[in-house]
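Report on the following structure.
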Amino acid sequence: IFWEFSAQFTGDPEFAVLIADYWQAVGVDVTIKEISTSLYREKEEGNNLDIAMEWDLPFEWNVISEPRLYTPPWSNSTPKTGAPWVEYWNTSGKSGVKPPAWAQRLYDIAGEIQTAAPGSAEYMALGKEMVKLNLENMTIIGTAGKIPQVNVVSNRIGNVTEWGINAYRAGFTFSYDPSQWYVK
4 IFWEFSAQFT
14 GDPEFAVLIA
24 DYWQAVGVDV
34 TIKEISTSLY
44 REKEEGNNLD
54 IAMEWDLPFE
64 WNVISEPRLY
74 TPPWSNSTPK
84 TGAPWVEYWN
94 TSGKSGVKPP
104 AWAQRLYDIA
114 GEIQTAAPGS
124 AEYMALGKEM
134 VKLNLENMTI
144 IGTAGKIPQV
154 NVVSNRIGNV
164 TEWGINAYRA
174 GFTFSYDPSQ
184 WYVK
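The sequence shown begins at 4 in this note's numbering and counts up one residue at a time.
Here you go:
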């Protein structure tokens, strides 16, 4: 496997080295190379990557607000993988590649789960099916999780609540209303 990555998505190039070492220890032959973010995006769009990566944790609110993160094309912007499928869907089958049944079902789930009431039987069944299809087809391989994202706030800043969720799609500080912070 040739893993081309952008440090923008790993946080640190050593992260890719660590993961590659884990894979090599269990017999997966992987070569890594750091590339620019613009080249990475270009390769994603052209479906020219052996591995695409996501840097956020799969929180439930991500599934509700952005189900495409867990269904083809595994992104709301540039396809992580499956660019020919995206072309097929965007052109109603006139060009691109018809996705296999499991990928089509995942794509359909993304639309269905947004109309299901969170916590309902339908919502839970769709969520379980989404996870099952991803696992069976090895589209998402969790290699690391709950990586600490440290926030340092000066003790001169007031009205800062205790941190909970700290993730890109949560807007990092957004849910903690930094507009209400003040300098003591």
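Where is the CB? At the ideal position from N, CA and C, for every residue including glycine. Predicted, not measured: the structure shown is a model, and the values here were computed from it.
Candidates the options, of which the one nearest residue i by Cα
| i | options | result |
| --- | --- | --- |
| P103 | T74, G122 and L129 | T74 |
| L138 | A120, G122, E125 and L109 | L109 |
| R159 | E165, M141, W184 and N140 | W184 |
| I4 | E17, V89, M127 and G30 | G30 |
| I35 | E7, I22, E47 and Y25 | E7 |
| K83 | L21, E47 and D32 | E47 |
| Y43 | M56, V33 and D32 | M56 |
| G122 | D53, D15 and V66 | V66 |
Chain C within 8 Å of residue i, Cβ atoms only
| i | result |
| --- | --- |
| A23 | Note that chain C does not occur in the displayed structure, where there is just one protein chain. |
Three-state secondary structure assigned by DSSP to residue i
| i | result |
| --- | --- |
| W166 | coil |
| I160 | strand |
| V155 | coil |
| V186 | strand |
Bounding residues of the alpha helix (DSSP H) (the contiguous stretch that carries residue i)
| i | result |
| --- | --- |
| W88 | A86 to N93 |
| Q11 | A10 to T13 |
- Message: To test your reading of the DSSP string, which unbroken alpha helix (DSSP H) runs of 4 or more residues are found completely within the region 103-139?
- Response: 104-116 and 124-139
- Counting Cβ pairs, one atom from each stretch, are 3 or more of them under 8 Å apart for the region 107-114 and the region 127-144? yes
- Could you name each continuous alpha helix (DSSP H) segment of 4 residues or more that falls completely within the region 16-58, going from the start of the chain to the end? 16-28 and 40-48
- Item | Stretch-stretch touch, CB-based, cutoff 8 Å, three pairs: the region 4-22 with the region 39-48 | yes
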